[in-house]
Each structure stands twice: as C-alpha cells, then as structure tokens.
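Chains as they are written, first to last, in our numbering: chain A, 62 to 261; chain B, 172 to 346. Just so it is clear, CB atoms sit at the ideal spot from N, CA and C, and this is done for glycine as well.
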C-alpha cells in the first residue's frame, strides 16, 4: 500500500520538471520542433500520462485515496503543461497515430506497473482432493495463514483451503501449492479490509 | 465557453478548480459504478462528466499562460477523484461479503450478528492451533462497518476480511 504514493511522488516530480522545461506549451514553441520529433514526443508523453491515469483508476478501485489523489494531480499537471501544447496539429496523421498509440500503450504500461507494485491483499482459495493437510502445513511453514475447511466434491471429500496473503505473495502461494498437488484448483480474489490474524 | 461571462482573471483558477472537481467526482462515480455493473447510472454520469470537462479544458487551454489556472486544473482533477470516492462510500450501493475467522468465540459471534438482524452461515475450519469457526455473512455495503465493529468488540482476535460481491438473488439480507 505504501509503495504506491512513493512511486507516484517520483512521477509527480518528473511531471513538474517536464512542465518546467516545456514552460509555455503554446504553438510558437511547438512549431520550432522538427516535424519528425513531434509524433515521438506525443507518443512518449501520452504513454506516461495514461500509465499514471491507469494507476489512478486502479487505486480508486482499490479504495486508496492518497494514491488516487497523487496520481490524479501528476497526471493532470503533465497533461495540461506538456501534452495539450503538443496536440495542436492533429491533422497530421502521424501525430494522430502517436496520440492513439500513447493512450493505448499507456493503459497497458499502467496495468503492468500496478501488477509489479502489487498493493493490497488477496484471498487464495485452494481445493485439493489429495494433499490438503500437506498444503496447509507447507503454507504455514512459509509464514502464511491458512484455514482448512472439509468439503465434498464430485469424487468425495476434498479440502478447501483459504489463504489470505499480501497480493505480491499470491504467485508464490500458487507455485508452492502446485508443487505439492499439480491438480489443485486455485483461485485468487481481491479482499478489502484486514483485521487481526497472524503472519510469521 | 466561459468567455461571454467575462470573468476576472483572478477568479478563473477557482472556476477551473470547481469545474474539475465536479467533473472528476462524476467520472470517479462512473468508474466505480462500471465496476459494479450499474449501466444506467454509468451512462448518465459519463454524459454529464464529459459535458463539464469540455468547458473546463477549453477555458484552461485558452489561458494556459497563467500558472494558477494549471494548478487549479490539476488540483481539481485530483481532489475530484477523492471526493467521488468519498461520495461512493457514503452512498454504499451494493453488497459486501464479510468473512470472520475466530478461534475461540465463533458461536457467540454468530449469535450476536444474528441478533443484530443479519444472516450468518457458520462453517467449521481448522487453523494453525486447532479448530476455528468460520463465519460468512453477506450484507448491504452500508452495514459492513456495523458488522465488523460488532465482531471486533466481541472478539478482538478475530480475523476479518471484506470483499465486494455482485448482487445476488434470494437469501436473507438483513432485517
């Protein structure tokens, strides 16, 4: 959770510095650029802009107010200082293509960055027909809390395991489980609030 | 669009800020409603949001030489997002699913939650230190904090998580 505001602050500083360099984004400044450079600049800045915007939407979906505020402020500053000035000549098809490409790339980049930062928590649900006890043992030994529930599947008794972990650990949990039971059925879902519990 | 009003330049940053707060509040509500599958509300909010945005952006772009207009624009954008989140939490449309894992006081917790008028399903689970009670409880989102507070006051050790659930059918959703 704390990782997002720090990263966003860095992006905010970069956006402000960029706005400073650009100073006046009006047409006179843009018209001094060589024509081939403009599409490249549009692509680059819009990719950055939309990556930050995607981070903003993902933080608001997660309920992180500080992250959403910081990402929103840096994104809007970047857009209005640098990008709006660059978008003066959209009749040029290359500029238009760079605009659309930047929006598309930026969204993907934002998702990739968010997945790498991986804030929040996950509930990993495991259904195992054979190695339920071994899996819970192994998970607890790694320091993750696990609760076992006896359940019945198509072919008799199965073990249902709930394991609440930090989101960045969800991949490691899955690997650990699959190593013990390659046929385990695993799903992960986001969870909001966290009270109590133990972590090793 | 704002030109005919002939606003004094000193006032423009505040007007831009206000417009941006309004449109981003709507946009944030729209995104959150999209995530919950509320189509009509999402449509209405999207329409209103883009109408306000056009006014705000055109007035900033015409006066982008004033730093305060930019600050008003960016500050309004960021603040609007947070205001939208606060409003959505206050409206609390939809349902949430509360999961409680309690090593000791499962039966008492279930009885208390039921006495408060919510439905609980109890399951027996096994934790690190032996048998635990697992309670699952689907309630309206605006009731979530009431349930978690009650759980916490009866059993401070209980492990509680909340997740969003899509609207379901039937069952018992609280008295």
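8 Å Cβ cutoff met for residue i and residue j
{"i": "residue 248 of chain B", "j": "residue 134 of chain A", "result": "yes"}
{"i": "residue 283 of chain B", "j": "residue 232 of chain B", "result": "no"}
{"i": "residue 191 of chain A", "j": "residue 242 of chain A", "result": "yes"}
{"i": "residue 184 of chain B", "j": "residue 242 of chain B", "result": "yes"}
{"i": "residue 229 of chain A", "j": "residue 158 of chain A", "result": "no"}
{"i": "residue 129 of chain A", "j": "residue 183 of chain A", "result": "no"}
{"i": "residue 194 of chain A", "j": "residue 200 of chain A", "result": "no"}
{"i": "residue 267 of chain B", "j": "residue 335 of chain B", "result": "yes"}
{"i": "residue 295 of chain B", "j": "residue 273 of chain B", "result": "no"}
Residue i: contacting residues in chain A (beta-carbon distance under 7 Å)
{"i": "residue 294 of chain B", "result": "210"}
{"i": "residue 199 of chain B", "result": "121"}
{"i": "residue 232 of chain B", "result": "145"}
{"i": "residue 252 of chain B", "result": "117, 121, 129, 130 and 133"}
{"i": "residue 281 of chain B", "result": "Under the 7 Å cutoff, chain A gives no residues; its nearest Cβ is about 16 Å from residue 281 of chain B."}
Spatial neighbours of residue i in its chain, beta-carbon cut-off 7 Å, leaving aside the 5 residues before and after
{"i": "residue 132 of chain A", "result": "69, 113, 116, 117 and 120"}
{"i": "residue 238 of chain A", "result": "187, 196, 245 and 247"}
{"i": "residue 250 of chain B", "result": "192"}
{"i": "residue 252 of chain B", "result": "195 and 199"}
{"i": "residue 227 of chain A", "result": "182"}
{"i": "residue 84 of chain A", "result": "Low confidence applies to residue 84 of chain A: its pLDDT is 47, below 50, so where it sits in the model is not reliable, and the reading given next is rough at best. There are no such residues."}
{"i": "residue 233 of chain A", "result": "none"}
Beta-carbon proximity list for residue i, same chain, < 6 Å, skipping 5 on both sides
{"i": "residue 213 of chain B", "result": "201, 204 and 205"}
{"i": "residue 270 of chain B", "result": "307 and 332"}
{"i": "residue 263 of chain B", "result": "312 and 313"}
{"i": "residue 252 of chain A", "result": "182 and 184"}
Reduced DSSP category for residue i - H, G, I as helix; E, B as strand; rest coil
{"i": "residue 233 of chain B", "result": "helix"}
{"i": "residue 265 of chain B", "result": "coil"}
{"i": "residue 334 of chain B", "result": "strand"}
{"i": "residue 199 of chain B", "result": "helix"}
{"i": "residue 319 of chain B", "result": "helix"}
{"i": "residue 209 of chain A", "result": "strand"}
{"i": "residue 311 of chain B", "result": "strand"}
{"i": "residue 226 of chain A", "result": "strand"}
{"i": "residue 251 of chain A", "result": "strand"}
{"i": "residue 181 of chain B", "result": "coil"}
{"i": "residue 293 of chain B", "result": "strand"}
{"i": "residue 239 of chain A", "result": "helix"}
{"i": "residue 152 of chain A", "result": "coil"}
{"i": "residue 299 of chain B", "result": "coil"}
{"i": "residue 220 of chain A", "result": "strand"}
Contacts around residue i, its chain only, beta-carbon distance under 8 Å, and the 5 residues preceding and following it disregarded
{"i": "residue 110 of chain A", "result": "136, 139, 140, 144, 163 and 167"}
{"i": "residue 182 of chain B", "result": "none"}
{"i": "residue 223 of chain B", "result": "190, 193, 194 and 197"}
{"i": "residue 287 of chain B", "result": "317, 318 and 321"}
{"i": "residue 235 of chain A", "result": "185, 247 and 249"}
Contacts of residue i in chain B (Cβ-Cβ under 7 Å)
{"i": "residue 118 of chain A", "result": "202"}
{"i": "residue 108 of chain A", "result": "Simply none; closest approach about 19 Å."}
{"i": "residue 195 of chain A", "result": "By Cβ distance, chain B contributes nothing, its closest Cβ being about 14 Å from residue 195 of chain A, past 7 Å."}
{"i": "residue 126 of chain A", "result": "253 and 256"}
{"i": "residue 201 of chain A", "result": "299"}
Within chain A, the residues that residue i reaches when beta carbons sit closer than 8 Å
{"i": "residue 241 of chain B", "result": "80, 138, 141 and 142"}
{"i": "residue 218 of chain B", "result": "In chain order: nothing, as chain A lies at least about 19 Å away."}
Residue i: contacting residues in chain A (beta-carbon distance under 9 Å)
{"i": "residue 305 of chain B", "result": "208, 210 and 223"}
Chain-ordered chain B contacts of residue i [CB-CB under 9 Å]
{"i": "residue 184 of chain A", "result": "270, 332 and 334"}
Stretch-stretch touch, CB-based, cutoff 8 Å, three pairs: the segment 156-174 of chain A with the segment 203-219 of chain A: Proximity of the segment 156-174 of chain A to the segment 203-219 of chain A falls short of the contact definition, fewer than three beta-carbon pairs being nearer than 8 Å.
Segment contact flag, the segment 204-214 of chain A with the segment 179-194 of chain B, C-beta cutoff 8 Å, min 3 pairs: Counting C-beta pairs with one atom in each stretch, the segment 204-214 of chain A and the segment 179-194 of chain B have fewer than three that are closer than 8 Å, which means they do not touch.
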